[in-house]
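Asks: Just so we're aligned, residue 472 is where the sequence shown starts under the working numbering, counting upward by one.
Quick reminder that beta carbons are idealized off the backbone N, C-alpha and C, glycines included.
Below is the structure I would like to discuss, written out as structure tokens.
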Amino acid sequence: MKRSPGLLWIAAIAAFYMPATTRAAVSGGDRAFLIEAMQSNVNVIALSTLAVKRAAKPELKDFAQKMITDHKMLQKKLRPFAMAWSVSAPAHLDAAHHDAYRKLQKLRGSAFDKQYIDVTDKDHNDILVAFTHEANVASDPDFKSTVVSEKSVIAAHTNMADDLKSKL
Numbered sequence: 472m473k474r475s476p477g478l479l480w481i482a483a484i485a486a487f488y489m490p491a492t493t494r495a496a497v498s499g500g501d502r503a504f505l506i507e508a509m510q511s512n513v514n515v516i517a518l519s520t521l522a523v524k525r526a527a528k529p530e531l532k533d534f535a536q537k538m539i540t541d542h543k544m545l546q547k548k549l550r551p552f553a554m555a556w557s558v559s560a561p562a563h564l565d566a567a568h569h570d571a572y573r574k575l576q577k578l579r580g581s582a583f584d585k586q587y588i589d590v591t592d593k594d595h596n597d598i599l600v601a602f603t604h605e606a607n608v609a610s611d612p613d614f615k616s617t618v619v620s621e622k623s624v625i626a627a628h629t630n631m632a633d634d635l636k637s638k639l
């Protein structure tokens, strides 16, 4: 059977850029955290997209836009691990955030702002706890490095959300 040199070249490049995780077994904890983090990104992006359109306060719109940008970037950084570990990235809001989204759709002005920041602040505080834990226990070195570096972004988001919540 004749092999195409182009396909071999593509496979070699893909192997080079794939995390070392593809060559080793992934722990159940790393996999569970990856799914949780990716779902959190989907939730934050969807709620923040609505906030960019509906928020009354300009600083809340700016915060929401930052959440969209940063969480899309985080999702992009997690994608190679999902591919390597055969984890399907969530595509939709989870049930609790679907309900929160529907409630937010009915609100306007300061009521919207307060509800959005309440949900987003709680989410960031919760996911920061998860990132902190995973940074200490991740078994895959490449994944751990990503978690540790992105934990600081999540911590900054949490501080921003805490601050905005206190001002509303």
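Whose CA, out of R502, H569, L531, G580, lies closest to the CA of R550?
Replies: R502
Asks: Given R579, which residues of its chain have a CB within under 6 Å of its CB, disregarding the five upstream and five downstream residues?
Replies: none
Asks: Could you compute how far the alpha carbon of V618 sits from the alpha carbon of D633?
Replies: Approximately 22 Å, taken between the alpha carbons.
Asks: Mind checking which residues open and close the alpha helix (DSSP H) that includes P612?
Replies: 612 to 638
Asks: Quick check on the DSSP output: the alpha helix (DSSP H) that includes A566 runs from which residue to which?
Replies: Counting along the chain, the alpha helix (DSSP H) containing A566 begins and ends at 566 to 576.
Asks: With a floor of 4 residues, list each alpha helix (DSSP H) that falls wholly inside the stretch 495 to 544, ordered by position along the chain.
Replies: 499 to 525
Asks: If I measure Cβ to Cβ from K615 and keep anything under 6 Å in the same chain, skipping five residues before and after, which residues do I get?
Replies: A609
Asks: Using the Cα positions of V523 and S511, report the straight-line distance between them to the nearest angstrom.
Replies: 18 Å
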